[in-house]
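Engineer: Below you'll find the structure I mean.
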Ligand code: T4K
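Residue numbers (our numbering): 9 to 388.
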């Protein structure tokens, strides 16, 4: 039997910048005596992100969830919004926190993103927007969704929580749709401890998005809207700013690890790896290799849950079932939501297992994890 890992191998570990550089930044914060509320490091980080995204239409938030809530609020989205059930629950929660009714449509079996035909079928007179998710960093069907949005005069918002660094046709994926939210949570390939970014098309939204993150304040004594507190701290901005130049190195390493997974999992019957091979041979977009989702199909001797448990208990490998259960199956949504036929989403959620990937993982670790998955073939 392949030797279990001595220490737990988690689905991810945060990328950490040089400690001395972070300590120097902390010293700068001490010197400034400025901890939050648009401090000098926040301003520097904003400028660097504006250059990265190629737009000044950008705001920073304390996390991705609040960023998305602010986007929906600031854009005045109401009524029904069509979204995917195959996502982290925050996507739907943001709608509900804004009093919006989520309408769940099915996904495409290749990319796991919203199926445009299902979106169009879900439109009613109450629909005001599409909230699509670039799940695992896979770009949604951008052109098809934009066509539907234009035809029905709907806003098109992207939950790009997983898609930092993804480019399509030489442009940041944030350039598509009306607004995109990127999460900078520690579990993401690029992070700011916690954090979120909104990138948007209409410059007129900037002031609203800024007011909303700061209680609605405009100046010291005017409150012009019912805002919240969603401001990013200096410690977060420092982390994000220090890691930004390392992004190409981070993505390059993840590409190597993904290729190693493909090489070693390729010949195991019942392990579906199309979600790994597609980004590796991509010409049309630049992937970020954010996750390693594999499908555990009927030909594999263990169920997905069986393999998940075996890897954990016998080998010390903590894979995750992102995104299971479907949002529509959580207690707070079950039986209480509008949904179309979710056959594909249900099948994918029942099969998917996301395997470990992070900068500190080695190709040898990946090979060892794949050996474990091979060995489990005997366990059925
Ligand atoms: N939309 C989508 C599509 C999203 O995926 C998310 C978040 C959002 C919106 C909302 O964005 P944020 O508000 O979070 O910015 C994690 C993250 O908390 C969450 O950000 C993320 N998606 C989701 C997919 O994953 P958990 O509950 O799986 O995290 P947790 O704590 O179990 O961490 C996973 C593993 O990572 C741990 O087993 C060990 C490792 N880890 C984690 C942390 C936090 C570390 O090694 N060090 C750490 O500091 O939700």
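In this text, a Cβ means the ideal position worked out from N, Cα and C, and glycines have one as well.
Hey, residue 110 and residue 335: beta-carbon distance below 9 Å or not?
Structural biologist: Going by C-beta atoms, residue 110 is nearer than 9 Å to residue 335.
Engineer: Consult DSSP for residue 283 and reduce its assignment to one of helix, strand or coil.
Structural biologist: Helix at residue 283.
Engineer: Over what stretch of residues does the alpha helix (DSSP H) that includes residue 256 continue unbroken?
Structural biologist: It spans 255-273 - the alpha helix (DSSP H) in which residue 256 sits, taken as one unbroken run.
Engineer: Compare the Cα-Cα distances from residue 324 to each of 11, 179 and 16 and report the closest residue.
Structural biologist: The shortest Cα separation from residue 324 among 11, 179 and 16 belongs to 16.
Engineer: By DSSP, does residue 301 sit in helix, in strand, or in coil?
Structural biologist: Three-state DSSP puts residue 301 in a strand.
Engineer: Which partner residues does residue 328 have in the DSSP bridge list?
Structural biologist: 362, per the DSSP bridge assignment.
Engineer: Taking the alpha helix (DSSP H) that residue 246 belongs to, which residues open and close that run?
Structural biologist: 242-251 is the span of the alpha helix (DSSP H), which, as asked, contains residue 246.
Engineer: Less than 8 Å between the CB atoms is what I'm expecting for residue 76 and residue 108, so what's the real figure, rounded?
Structural biologist: Rounded, the Cβ-Cβ distance is 11 Å, inconsistent with contact.
Engineer: Run the proximity test for residue 311: is its beta-carbon closer than 8 Å to any non-hydrogen atom belonging to the ligand T4K?
Structural biologist: No, the Cβ of residue 311 stays beyond 8 Å of every heavy atom of the ligand T4K.
Engineer: With DSSP run on the structure shown, which of helix, strand or coil describes residue 321?
Structural biologist: Residue 321 falls in the helix class under three-state DSSP.
Engineer: Can you tell which of 119, 299, 115 and 70 has its C-alpha closest to the C-alpha of residue 125?
Structural biologist: Nearest option by C-alpha distance: 115.
Engineer: For residue 331, which residues from the same chain have a beta carbon less than 7 Å from its beta carbon, with the 5 sequence-adjacent residues on both sides left out?
Structural biologist: 94, 95, 96 and 357.
Engineer: One question on the structure: do residue 73 and residue 100 come within less than 9 Å of each other, judged by their Cβ atoms?
Structural biologist: No; because the gap between Cβ atoms is not below 9 Å, this pair is not in contact.
Engineer: Return the first residue and the last residue of the beta strand (DSSP E) that residue 207 is part of.
Structural biologist: Where residue 207 is concerned, the enclosing beta strand (DSSP E) stretches over 204-208.
Engineer: Within 10 angstroms of its Cβ, does residue 211 collect 16 or more other Cβ (buried), or is it exposed?
Structural biologist: Exposed.
Engineer: Taking only the alpha-carbon atoms, compute the straight-line gap between residue 237 and residue 181 and give it to the nearest angstrom.
Structural biologist: Cα to Cα, residue 237 sits roughly 27 Å from residue 181.
Engineer: State yes or no: is the C-beta of residue 71 nearer than 8 Å to some heavy atom of the ligand T4K?
Structural biologist: Yes, Cβ of residue 71 sits closer than 8 Å to a heavy atom of the ligand T4K.
Engineer: Please determine, among 255, 235, 233 and 129, the residue with the shortest C-alpha to C-alpha distance to residue 199.
Structural biologist: Taking only the C-alpha atoms, the option nearest residue 199 is 255.
Engineer: Mapping the DSSP letters down to three states, classify residue 344 as helix, strand or coil.
Structural biologist: In the structure shown, residue 344 sits in coil (DSSP, three-state: anything other than H, G, I, E or B).
Engineer: Could you tell me if the beta carbon of residue 305 falls within a distance shorter than 8 Å of some heavy atom in the ligand ZN?
Structural biologist: Although the ligand ZN was asked about, the structure shown includes only the ligand T4K as ligands.
Engineer: When you compare only the Cα positions, how much space is there between residue 250 and residue 197?
Structural biologist: Each residue's Cα considered, the two are about 14 Å apart.
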